[in-house]
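J.: Before anything else, here's the structure in question.
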């Protein structure tokens, strides 16, 4: 039979790059493509102990739970956010299956067909996929190394009346950018002036190489807690398999998100939420994060030193996160080059799909957190032979 | 500020009953309201062993996984479905966060605003919420104790051109109905004749009190695997906290569902999926299910014997599942009576919200699986004092 899908499926994008990258899982290819944290640093033993505590807590632990999430975990998260100056009560925290689900649920309650979202350019690909899957239009704001250009932002807010502005101000995906405080303040000011919501996606904020460099979140600057939805995740700081993210924001929006969450899946895994609770309660996650900062900086430095020696490449050294964003010689099409790179045993993500408009085909994204130093060296040698061929 | 939500949120239903029932979690109220399995029967120890095996499988276990789910688990599920005569390859199985997410993802890829879904009346409330959240219209088909009336079904297919027909043929929620084989065959025949998809929701199929009574699923009757999407869950047979459901159906639909799943949450918890894999591999789930069948039948019988003695109540004794669906005297409004019942220390779910149209206010749903025999007796005595007052 012929299957007649919903209109929105016409906006679903099947990524050719994703298909290519799916293939390499099997082979002997060194991949700098995925946004994967380093497995060497997973707190496996502590996590196992946390699960033992879950099973020691009685059978009711395994029953259905509350849509918004496990209350003691939401309490801990609320305390944790207060240490980052984000005002937040536990009932304004909702647990999600990774921060991807937070992006999806917020979009689901905000976006009707034809609504507008403003973003950076380039920006997180899977967020673009979500916005488009709700038949929204995405427009990008001009930006430089410090963040969005306030004049262009204000002009586009006035022209497009966007439903919200999506930003990743800390070590953004793909380009690793860290917004300046001034640009953050100006963005928030404009959002408040024109009553536009901001979705602040902060998966990488804790992976910063200079922990003393202060960088307040938009949510912490939004004293009234009226204009910023803030989402983050433990996928990068604990382990991805837990699929534990959260979102917090103004109560009327959070109530609507809870209804969308109930329809979506009733609630996220209670076992994982309770294990995360015990982990946060009994394990010093901040010490663990400081170790990640140190180790990931070493890997970034090693990759940087390799890139510097290659002719024709330009990049800004990231101050945190998981990626180096590289521009190759203008004449190189990094999407076309991917097949050749894979035949040389190395993979990256071409930059073009991350662009909302005016894709730069000579860009690509390298992940430095996943590979051990030995593998990283070997992979970069392979990449060098492809780029300089 | 004023929050301008998406059009679809106008269809979100905030349930007054849900709010009342949320309150009773704290108190000394015996609840027959939730669709909760019995905690006494949870295979806690075996599940804990399964998690130990997950942690013994190495660190890559805790990394990001594949959107469609953990391949060895999908292989086991495909084998398990073959024993129930459902033709199914592992790549046509997608793991979801409970079968609620399967209903949501399928709706997301099928329903545009104004599309039609046909259902039983009454039917599963949270499925109705999903269909309406995608701005679809829901119409009900007339039915009796054996299933939908084929004449009314054909007439409504011709009149409404529905996107799909949603059914729970095994011990449906709320009314515990078991469809006859003939009605299943007629439904499938009409679906094939008019090229309409069926969403077969089967959370309770394995909780049957006479295991020898054959009751083939629609998916098993659909030899070409072209018209039926089948979803089920381990929430009732293992534990709800795992949030592990799955969906299987025609490849073109499954490919679209995988794209929706990727946008929704990338993938469900890998830890839970791998634990479920070890549990299915090393634990005799079918023996466990036979125990559940026996124990749940005892509880149903006890509740039935109580109900029989109460004047003015009518119900059909269920042959499986988790619920007894009761009609009280015509003049009783069970929604109004709920507050009084709670003040007497007992709760149920009023039937009215489960109706697509023509709500019967004198109906209510009782869960018999969650309460121990002692609690069940006490709760039913309290209910008797409310009903007969």
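Chains as they are written, first to last, in our numbering: chain A, 177 to 565; chain B, 177 to 565.
Built from N, CA and C at the ideal position, the CB exists for glycine as well.
(1) Less than 8 Å between the C-beta atoms of residue 410 of chain B and residue 373 of chain B, yes or no?
(2) When DSSP labels each residue in this structure, what does residue 324 of chain B get in the three-state scheme?
(3) State the Cα-Cα distance for the pair residue 350 of chain A and residue 388 of chain B, rounded to the nearest angstrom.
(4) Tell me the DSSP secondary structure of residue 353 of chain A in three-state form.
(5) Where do the N-terminal and C-terminal ends of the beta strand (DSSP E) with residue 271 of chain A fall, by residue?
(6) Which first and last residues belong to the alpha helix (DSSP H) in which residue 227 of chain A is found?
(7) Going by C-alpha distance, which of B:546, B:564, B:550 is nearest residue 212 of chain B?
(8) Going by the beta-carbon positions, is the gap between residue 413 of chain B and residue 461 of chain B smaller than 8 Å?
(9) Need the endpoints of the beta strand (DSSP E) that residue 406 of chain B sits in, please.
(10) By alpha-carbon positions, which one of B:235, B:300, B:229, B:221 ends up nearest to residue 526 of chain B?
(11) Quick check: the Cα distance between residue 189 of chain A and residue 223 of chain A, rounded to an integer number of angstroms?
(12) Of all Cβ atoms in chain A, is any one closer than 8 Å to the Cβ of residue 402 of chain B?
(13) By how many angstroms is the C-alpha of residue 438 of chain A removed from the C-alpha of residue 184 of chain A?
(14) By alpha-carbon positions, which one of A:195, A:404, A:321, A:325 ends up nearest to residue 342 of chain A?
(15) Please give me, in chain order, every unbroken run of the beta strand (DSSP E) with length at least 3 that falls completely inside the segment 369-445 of chain A.
(16) Please work out which residues of its chain come closer than 6 Å, Cβ to Cβ, to residue 415 of chain B, disregarding the five sequence neighbours upstream and downstream, and give them in chain order.
(17) Per DSSP, what are the beta-bridge partners of residue 543 of chain B in this structure?
(18) Would residue 243 of chain B pass as a contact of residue 442 of chain B if the rule is Cβ separation under 8 Å?
(19) Grouping DSSP H, G and I as helix and E and B as strand, with all else coil, what is residue 307 of chain B?
(20) Output the boundary residues of the alpha helix (DSSP H) element that contains residue 482 of chain A.
(21) For the beta strand (DSSP E) that contains residue 313 of chain B, what are its first and last residues?
(22) Sorted by chain position, which residues of the same chain lie with C-beta nearer than 7 Å to residue 561 of chain A's C-beta, five sequence neighbours on each side aside?
(23) Starting from residue 292 of chain A, trace the beta strand (DSSP E) in both directions and tell me its first and last residue.
(24) For the segment 406-428 of chain A, list every residue whose C-beta sits within 8 Å of some C-beta in chain B, in sequence order.
(25) With a CB to CB cut of under 7 Å and the five nearest residues on each side skipped, what residues in its chain are close to residue 307 of chain A?
(26) Which of helix, strand or coil does DSSP assign to residue 524 of chain A?
(27) If we cut at 8 Å on Cβ distances, does residue 342 of chain B have a partner in chain A?
(28) Using CA atoms only, rank isn't needed, just tell me which of A:449, A:421, A:541, A:178 is closest to residue 417 of chain B.
(29) Using the beta-carbon of each residue, which ones in chain A are nearer than 7 Å to residue 495 of chain B?
(30) To the nearest angstrom, how far is it from the Cα of residue 539 of chain B to the Cα of residue 503 of chain B?
(31) Quick one: give me the first and last residue of the alpha helix (DSSP H) that residue 518 of chain B is part of.
(32) Please list, in chain order, the chain B residues whose beta carbon lies closer than 9 Å to that of residue 430 of chain A.
(33) Who are residue 207 of chain A's beta bridge partners in DSSP?
(34) What does the alpha-carbon distance come out to for the pair residue 487 of chain A and residue 478 of chain A?
(35) Find the residues of chain B that neighbour residue 286 of chain A, judging by a C-beta separation of less than 9 Å, and give them in chain order.
T.: Answer, in terms of the structure:
(1) Here residue 410 of chain B corresponds to residue number 234 of the second chain, with the count starting at 1. Here residue 373 of chain B corresponds to residue number 197 of the second chain, with the count starting at 1. Against a cut-off of 8 Å, the Cβ pair of residue 373 of chain B and residue 410 of chain B comes out as no contact.
(2) Stepping through the second chain from its first residue, residue 324 of chain B is reached at position 148. In the three-state DSSP reduction, residue 324 of chain B falls in the strand class (E or B).
(3) Position 174 of the first chain, counting from 1, holds the residue named residue 350 of chain A. Position 212 of the second chain, counting from 1, holds the residue named residue 388 of chain B. So the alpha carbons of these two residues sit roughly 57 Å apart.
(4) Position 177 of the first chain holds residue 353 of chain A. In this structure, residue 353 of chain A counts as coil in the three-state DSSP scheme.
(5) Numbered from its first residue, the first chain carries residue 271 of chain A at position 95. Here the beta strand (DSSP E) through residue 271 of chain A covers 269-273.
(6) In the first chain, residue 227 of chain A corresponds to position 51, counting from 1. If you look at residue 227 of chain A, you'll find it in the alpha helix (DSSP H) that goes 220-231.
(7) For the purposes of this step, residue 212 of chain B is taken as the residue at position 36 of the second chain. For residue 212 of chain B, the nearest C-alpha among the options comes from B:546.
(8) As a position in the second chain, residue 413 of chain B is number 237, starting the count at 1. As a position in the second chain, residue 461 of chain B is number 285, starting the count at 1. In this structure, residue 461 of chain B lies closer than 8 Å to residue 413 of chain B by Cβ.
(9) For the purposes of this step, residue 406 of chain B is taken as residue 230 along the second chain, with counting starting at 1. For residue 406 of chain B, the enclosing beta strand (DSSP E) begins and ends at 404-409.
(10) In the second chain, the residue the question calls residue 526 of chain B occupies position 350. Among B:235, B:300, B:229, B:221, the Cα nearest to that of residue 526 of chain B is on B:300.
(11) By one-based count along the first chain, residue 189 of chain A stands at place 13. By one-based count along the first chain, residue 223 of chain A stands at place 47. Between the alpha carbons of residue 189 of chain A and residue 223 of chain A lies a distance of about 36 Å.
(12) Position 226 of the second chain, counted from the start, is the residue given in the question as residue 402 of chain B. At least one chain A Cβ lies under 8 Å of residue 402 of chain B.
(13) Against the first chain, residue 184 of chain A aligns to sequence position 8. Against the first chain, residue 438 of chain A aligns to sequence position 262. Take the alpha-carbon of residue 184 of chain A and the one of residue 438 of chain A: they are about 21 Å apart.
(14) As a first step, residue 342 of chain A is located in the first chain; it is residue number 166 there, counting from the start. Selected option, being the one with the closest Cα: A:404.
(15) Every unbroken stretch of the beta strand (DSSP E) spanning 3 or more residues and falling wholly within the segment 369-445 of chain A is given here in chain order: 373-377, 404-409, 420-424.
(16) Within the second chain, residue 415 of chain B is the residue found at index 239, counting from 1. The answer, listed in chain order, is 218.
(17) For the purposes of this step, residue 543 of chain B is identified with residue 367 of the second chain, where counting begins at 1. B:499.
(18) Along the second chain, read from residue 1 onward, the residue named residue 243 of chain B stands at position 67. Along the second chain, read from residue 1 onward, the residue named residue 442 of chain B stands at position 266. Closer than 8 Å, so yes.
(19) If you number the second chain from 1, residue 307 of chain B lands on position 131. Residue 307 of chain B falls in the helix class under three-state DSSP.
(20) On the first chain, residue 482 of chain A is found 306 positions in, with the first residue counted as 1. For residue 482 of chain A, the enclosing alpha helix (DSSP H) begins and ends at 461-485.
(21) Reading the second chain from its first residue, position 137 is the one you call residue 313 of chain B. 313-316 is the span of the beta strand (DSSP E), which, as asked, contains residue 313 of chain B.
(22) Walking along the first chain from the start, residue 561 of chain A turns up at place 385. Counting only Cβ-Cβ distances below 7 Å, and skipping sequence neighbours, we find 520.
(23) Position 116 of the first chain, counted from the start, is the residue given in the question as residue 292 of chain A. Boundaries of the beta strand (DSSP E) harbouring residue 292 of chain A: 292-295, taken from the DSSP string.
(24) Residues passing the 8 Å Cβ filter: 411, 415, 416, 417, 418, 419, 426, 428.
(25) Residue mapping note: residue 307 of chain A aligns to position 131 of the first chain, counting from 1. So the qualifying residues of the chain are 283, 287, 293, 314.
(26) As a first step, residue 524 of chain A is located in the first chain; it is residue number 348 there, counting from the start. Residue 524 of chain A falls in the coil class under three-state DSSP.
(27) Stepping through the second chain from its first residue, residue 342 of chain B is reached at position 166. Chain A contact via Cβ: absent.
(28) The sequence position of residue 417 of chain B within the second chain is 241, counting from 1. Closest option to residue 417 of chain B, Cα to Cα, is A:449.
(29) The count along the second chain starts at 1 and reaches residue 495 of chain B at position 319. The premise fails here: residue 495 of chain B is roughly 24 Å from chain A at the closest Cβ pair, so nothing lies under 7 Å.
(30) As a first step, residue 539 of chain B is located in the second chain; it is residue number 363 there, counting from the start. As a first step, residue 503 of chain B is located in the second chain; it is residue number 327 there, counting from the start. Spanning the alpha carbons of residue 539 of chain B and residue 503 of chain B requires a straight line of approximately 4 Å.
(31) In the second chain, residue 518 of chain B corresponds to position 342, counting from 1. From DSSP, the alpha helix (DSSP H) with residue 518 of chain B extends over 510-519.
(32) In the first chain, counting from the first residue as 1, residue 430 of chain A sits at position 254. Chain B residues near residue 430 of chain A: none, gap ~11 Å exceeds 9 Å.
(33) Taking the first residue of the first chain as position 1, residue 207 of chain A is located at position 31. For residue 207 of chain A, which the question treats as bridged, DSSP gives the partners A:523.
(34) Here residue 487 of chain A refers to the residue found at position 311 of the first chain. Here residue 478 of chain A refers to the residue found at position 302 of the first chain. Cα-Cα distance, rounded: 17 Å.
(35) Here residue 286 of chain A is taken as the residue at index 110 of the first chain, counted from 1. Neighbours of residue 286 of chain A in chain B, taken as residues at a C-beta separation under 9 Å, are given in chain order as 179, 180, 181, 182, 185.
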